[in-house]
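Chemist: The structure's right below; bear with me while I get my questions together.
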Amino acid sequence: MAVQYKDYYEVLGVAKTAPQEEIRKAFRKLAREHHPDVAKDKKTSEAKFREINDAYEVLGDAEKRKKYDELGANWNSMGGRGGHAHPGWGGMKPPSGGEYGNFNEFFEAFMGSNQPRGAGRRARGEEPVRAQNVETEVQVTVEEVLRGVKKRITVRLPGRQAGEVVEVGVPAGMVPGNKVRIKGRGINGGDLLCKAMLQPHAVFSVDGSDLCQSARISVWKAVLGGTLEIRTPDGVVRLKVPAGTQPGKRFRLAGHGLPMSGKRRGDFILEVQVVLPEALTLEERACWVKLQELGEGH
1458 MAVQYKDYYE VLGVAKTAPQ EEIRKAFRKL AREHHPDVAK DKKTSEAKFR EINDAYEVLG
1518 DAEKRKKYDE LGANWNSMGG RGGHAHPGWG GMKPPSGGEY GNFNEFFEAF MGSNQPRGAG
1578 RRARGEEPVR AQNVETEVQV TVEEVLRGVK KRITVRLPGR QAGEVVEVGV PAGMVPGNKV
1638 RIKGRGINGG DLLCKAMLQP HAVFSVDGSD LCQSARISVW KAVLGGTLEI RTPDGVVRLK
1698 VPAGTQPGKR FRLAGHGLPM SGKRRGDFIL EVQVVLPEAL TLEERACWVK LQELGEGH
């Protein structure tokens, strides 16, 4: 007798070119809608539920899907199971809420570790599949932790060969070393924890939550005083240099450093280096000699 052909793509409401992830999402949506525990017409829903599972068993498995696309109704004629119930059910009706406490348990049992294939129900007494969080790192600059940024990183989960591109939203004011949690992107529905790692900066060095920078000033500015323009993460700031500033003097700008807990920020610390002239003109030398004489005369 000829095998009756059933369009599994039509059953799941997806195109024949649909990627595996789209097929998986379609199955989950339909399975929730037609689960016998929530549908009003249980008799009809059980039949529809089996049909959905049959379709996903084939289309959710890359090898079976390939055979189905090539051979149509005869895709499984060379061997294997020919029935219509899921292999873990042995021809019985689909599991109801009495066997699984909620839909999440049902989907974990049916699909295992979020892989697009029909995995069958777990045997009784077998340890349940548990969600596992995965930790990774996202590299950020000083400016990015202050202003916020969205970054795309590649994450390789254990047991998967291909990396997965994930967009990580780093909020403005994030404390370096803290983690961004992305729900459901870990193992078996666990979360992905992305630790913000501060990249070395071309201008600033980091000391805890403080940002440090050195600036060179002339000897006459150190002696007579003046103003100095310095670059901070918040823009250019004019700093007053008092007369008689000594080499190594440190100026502290409160609240211009890295984010801290409690919406606070560290400080910006500027250390001045007094630059002595390496060569003098005759006129400059005469001036220094005059200064020396004045100083020694006191």
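Following the numbering used here, the numbering of the sequence shown begins with 1458 at its first residue and continues without gaps.
All residues carry an ideal CB built from backbone N, CA and C; glycine is no exception.
These numbers were taken from a predicted model, which means no experiment stands behind them.
1. Would you report the Cα separation of K1706 and I1639, rounded to the nearest angstrom?
2. In whole angstroms, give me the CA-to-CA distance for P1573 and Y1525.
3. Give the single residue among P1615, A1619 and V1627 whose Cα lies nearest to the Cα of G1643.
4. Would a C-beta distance cut-off of 8 Å place G1517 and R1481 closer than the cut-off?
5. Is it a yes or a no for the region 1674-1688 touching the region 1619-1627, going by three-plus beta-carbon pairs under 8 Å?
6. How would you write the range of the alpha helix (DSSP H) that K1500 sits in, first residue to last?
7. Measure the beta-carbon distance from K1652 to G1634 and round it to whole angstroms, keeping in mind my assumption that it falls under 8 Å.
8. Tell me which residues share the same chain as K1678 and place their Cβ nearer than 7 Å to its Cβ, disregarding the 5 neighbours each side in the sequence.
9. Contact defined as beta carbons within less than 8 Å: I believe L1727 pairs with A1672. What is the distance between those atoms, to the nearest angstrom?
10. Does DSSP put D1748 in a helix, a strand or coil?
11. For F1725, which beta-bridge partners are listed by DSSP?
12. Identify every residue that forms a DSSP beta bridge with A1736.
13. CB-CB under 6 Å to G1529, same chain, minus the five flanking residues each way: which ones, in chain order?
14. For T1684, which beta-bridge partners are listed by DSSP?
15. What are the start and end residues of the alpha helix (DSSP H) that includes K1486?
16. For M1631, which residues from the same chain have a beta carbon less than 7 Å from its beta carbon, with the 5 sequence-adjacent residues on both sides left out?
17. So, at 7 Å on beta carbons, what are the nonlocal neighbours of S1675 in its own chain, with the 5 sequence-adjacent residues on each side left out?
18. Using a threshold of 8 Å, state whether the C-beta atoms of G1647 and V1591 are closer than that.
19. Which same chain residues, not among the five before or five after C1669, have their C-beta less than 6 Å away from its C-beta?
Modeler: So, from the listed chains and residues:
1. 45 Å
2. Reliability fails at P1573, whose pLDDT of 43 lies under 50, so the model's placement of it is uncertain and no value is given.
3. P1615
4. yes
5. no
6. K1499 to L1516
7. 7 Å
8. V1698
9. 6 Å
10. The sequence shown places Leu at residue 1748, rather than the Asp named in the question. Correct three-state label for L1748: helix.
11. L1668 and L1710
12. Bridge partners of A1736: none, in fact.
13. Y1462
14. K1697
15. Q1477 to H1491
16. V1602, A1653 and P1716
17. V1732
18. yes
19. S1662 and I1726
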